[in-house]
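Enquirer:
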Amino acid sequence: MMSTLFSKGLTRVNPRTLARSMSTWGDVVMGPPDPIMGVTEAFKRDENPNKINLGVGAYRDDNGKPFVLSSVRKAEQVIWDALHDKEYSPITGGADFTKLAADLAFDKSGSVVSDGRNSTVQTISGTGALRVCGEFLNRWYKFPGGKKQIYVPSPTWGNHLPVFRDAGVEPVYYSYYNKETCGLDFEGMIGDFERLEEGSVVLLHACAHNPTGVDPKPEQWEEIRKVVQEKNLFPVFDMAYQGFASGDCDFDALPLRSFVDAGLNPMLCQSFAKNMGMYGERIGAFTIVGQDTEEKQRLESQLKILIRPMYSNPPINGARIAATVMGRPELRTEWLGEVKTMADRIIQMRALLKTNLADNGSVKNWEHITDQIGMFCYTGMTADQVASLAADHSVYCTKDGRISIAGVTSGNVEYLAHAIHEVTK
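Residues are numbered in our numbering as their position in the sequence shown, beginning at 1, plus a constant of 1396.
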């Protein structure tokens, strides 16, 4: 048939185009590549032996290698020896894990846990916790004016936007990062909060803000808490780096706990990817704090109804590992020491990078490198400077100038500092 049509002089149609137009999925367009994965792919193609990948948000040791915690390895052995079955987990996840996750966040002696007001469910890491959060808000929260919106810092973790949007809650930015100082725009943030409608939902990074590494100081957290309380805003905490920021799990949880101590009942999304190095186990938790145990039971009943058709129940392995690490005193002690070791290495690399930039003759103010905290640093480099960094020095990071400090080692920090100086001088 096609050859007959072509022989009559009709417009020639590319067979591939014709096949696509006839396909059920012919109208599906090619999606944009993930920006982080694009950085990694470019890094892999580069043949420079000095190349550095500062894009991926996963911890590396001082040799640039993935790091599996000793406490996690020992927990895996305990689980292996126990010969557990492979039955389904409850819809809410492993009971031991959810209890210990709540204890870690809120402090087991605090009012939330001791009064039994927390409804905590196991989720598919922090991303899953955020999605469950968004779905629950969409279904049950009384948004002011009926506008289903959540206010997020500008900038925020890139996945926050599609996660909440796909859950039917539209993200809207509030002021957070000051590009001039590479620090916190505290006045802008407070001003935006004061202008929000009563009952508005605000997302707060508990510690180690991603992507900037800029955290409020303790006294600034107190002011934030006061405005949230005075304006009757509803706080949602995203805590993906507890312990990984300062090296102290209790210190990193202080903003969350201060809100609870003041009588607020926030939502909490947790991830154990970073502080246990279990990126691929996808282990996280989501908590809603109720007024009392009766409300907690109602909240949990609806969480089960929401989760059941979404993923039925969570996987068991990561929960067993995390619960064993946190639940066995000797493993918990070792784990907390390892968390501090990881955090301390990040802090040390920040200091070395700043020192080496000065040693290279840079006259720019790099104080923000050590003022910021956690895995990421917003360097203040422009997109053009980032492009030059990759093209001329084989150093790869995202276009916004964010670098993963986890990719910096004592072996490459001098080369990195020289490269950054060359493109920013």
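Idealized CB from N, CA, C, for every residue including glycine. The model shown is predicted, which means the values in this text are computed figures rather than measured ones.
Anyone know if the C-beta pair for isoleucine 1679 and alanine 1718 falls short of 7 angstroms?
Expert: Yes. Within cutoff.
Enquirer: Measuring CA to CA, which of Ile1701, Cys1793, Ser1806 and Asn1713 is closest to leucine 1749?
Expert: Cα-wise, what sits closest to leucine 1749 is Ser1806.
Enquirer: Does DSSP put threonine 1729 in a helix, in a strand, or in coil?
Expert: Threonine 1729: helix per DSSP, three-state reduction.
Enquirer: DSSP puts valine 1681 in a beta bridge; with which residues?
Expert: It is alanine, not valine, that sits at residue 1681 in the sequence shown. Per DSSP, Gln1518 and Gln1666.
Enquirer: Among residues of its own chain, excluding the 5 on either side of glycine 1468, which ones have a beta-carbon nearer than 7 angstroms to its beta-carbon?
Expert: The question names glycine, but residue 1468 is valine in the sequence shown. So the list reads Met1672, Gly1673, Met1674, Ile1717 and Val1721, once near-sequence residues are dropped.
Enquirer: Tell me which same chain residues have a C-beta within less than 7 angstroms of the C-beta of alanine 1471, skipping the five on either side of it?
Expert: Closer than 7 angstroms at Cβ, skipping near neighbours: Ile1717, Thr1720, Val1721 and Leu1727.
Enquirer: Alpha carbon to alpha carbon, how far is glutamate 1810 from asparagine 1752?
Expert: Using only the alpha carbons, I get a separation of about 6 angstroms.
Enquirer: I'd like the ranges of any beta strand (DSSP E) spanning at least 3 consecutive residues and lying wholly in the stretch 1602–1669.
Expert: Listed in chain order, the complete beta strand (DSSP E) runs (minimum 3 residues) inside the stretch 1602–1669 are 1630–1635 and 1663–1667.
Enquirer: What residue from Thr1608, Asp1457, Gly1460 and Val1685 has the CA that sits closest to glycine 1770's CA?
Expert: Out of Thr1608, Asp1457, Gly1460 and Val1685, Thr1608 has the C-alpha closest to the C-alpha of glycine 1770.
Enquirer: Should leucine 1732 go down as buried or exposed, given a rule of 16 or more other Cβ atoms within 10 Å for buried?
Expert: Per the 10 Å Cβ criterion, buried.
Enquirer: Is the beta carbon of phenylalanine 1539 closer than 7 angstroms to that of alanine 1715?
Expert: Contact: no.
Enquirer: Does the stretch 1443–1459 come into contact with the stretch 1791–1801, if we say contact requires no fewer than three beta-carbon pairs (one atom in each stretch) closer than 8 angstroms?
Expert: With a cut-off of 8 angstroms, the stretch 1791–1801 and the stretch 1443–1459 count as touching, because enough Cβ pairs lie within range.
Enquirer: Helix, strand or coil for phenylalanine 1772 per DSSP?
Expert: Reduced to three states, the DSSP call for phenylalanine 1772 is strand.
Enquirer: Specify, as a first and last residue, the run of the beta strand (DSSP E) that proline 1549 falls within.
Expert: Here the beta strand (DSSP E) through proline 1549 covers 1545–1550.
Enquirer: Take every Cβ of the stretch 1525–1534, pair it with every Cβ of the stretch 1571–1580, and state whether three or more of those distances are shorter than 8 angstroms.
Expert: Cβ pair count under 8 angstroms is below three, so no.
Enquirer: Can you name the residues that DSSP bridges to cysteine 1580?
Expert: Note on residue identity: the sequence assigns leucine, not cysteine, to residue 1580. According to DSSP, leucine 1580 bridges with Tyr1573.
Enquirer: Should valine 1685 and asparagine 1661 be called a contact, given that it needs their Cβ atoms to be closer than 7 angstroms?
Expert: Yes, Cβ-Cβ distance for valine 1685 and asparagine 1661 is below 7 angstroms.
Enquirer: Taking Cβ to Cβ, would you say threonine 1794 is nearer than 7 angstroms to phenylalanine 1682?
Expert: No, these two residues do not count as a Cβ contact at 7 angstroms.
Enquirer: Buried or exposed: where does glutamine 1666 fall if 16 or more other Cβ atoms within 10 Å of its Cβ makes it buried?
Expert: With 16 or more other Cβ atoms within 10 Å, it is buried.
Enquirer: When we look at the beta-carbon of glutamate 1590 and count the other beta-carbons within 10 Å, is it buried (16 or more) or exposed?
Expert: Glutamate 1590 is exposed by the Cβ-count criterion.
Enquirer: If I measure Cβ to Cβ from proline 1651 and keep anything under 6 angstroms in the same chain, skipping five residues before and after, which residues do I get?
Expert: Closer than 6 angstroms at Cβ, skipping near neighbours: Ala1602 and Trp1617.
Enquirer: For a test of the three-state rule: what should DSSP assign to proline 1710, helix, strand or coil?
Expert: Three-state DSSP puts proline 1710 in coil, outside helix and strand.
Enquirer: Between methionine 1635 and the rest of its own chain, which residues show a CB-CB distance below 6 angstroms, the 5 nearest in sequence each way excluded?
Expert: Here the set comprises Ala1602 and Gln1666.
Enquirer: Please state whether DSSP places glutamate 1566 in a helix, a strand or coil.
Expert: In the structure shown, glutamate 1566 sits in a strand (DSSP, three-state: E or B).
Enquirer: Out of curiosity, what's the CA-to-CA distance linking glycine 1676 and asparagine 1410?
Expert: Approximately 43 angstroms, taken between the alpha carbons.
Enquirer: Quick check: the Cα distance between leucine 1401 and valine 1425, rounded to an integer number of angstroms?
Expert: Here the model assigns leucine 1401 a pLDDT of 45, short of 50, so the residue's position is not dependable and the matter cannot be decided.
Enquirer: Would you call the stretch 1568–1575 in contact with the stretch 1545–1559, where contact means no fewer than 3 C-beta pairs closer than 8 angstroms?
Expert: Contact holds: three or more Cβ-Cβ distances are below 8 angstroms.
Enquirer: Looking at the structure shown, is serine 1485 part of a helix, part of a strand, or coil, going by DSSP?
Expert: Three-state DSSP puts serine 1485 in coil, outside helix and strand.
Enquirer: Considering only their Cβ atoms, is the gap separating glycine 1643 from aspartate 1780 smaller than 7 angstroms?
Expert: No, the pair does not count as a contact, with Cβ atoms beyond the cut-off.
Enquirer: Any idea if glutamine 1768 is buried or exposed, counting beta-carbon neighbours within 10 angstroms, 16 or more meaning buried?
Expert: Buried, since its Cβ has 16 or more Cβ neighbours within 10 Å.
Enquirer: Please state whether DSSP places valine 1804 in a helix, a strand or coil.
Expert: Looking at valine 1804 - three-state DSSP - the assignment turns out to be coil, as it is neither helix nor strand.
Enquirer: Alanine 1747: buried (16+ other C-beta within 10 angstroms of its C-beta) or exposed?
Expert: So alanine 1747 ends up on the exposed side.
Enquirer: If you run the structure through DSSP and keep just helix, strand and coil, what is leucine 1465?
Expert: It is coil, neither helix nor strand.
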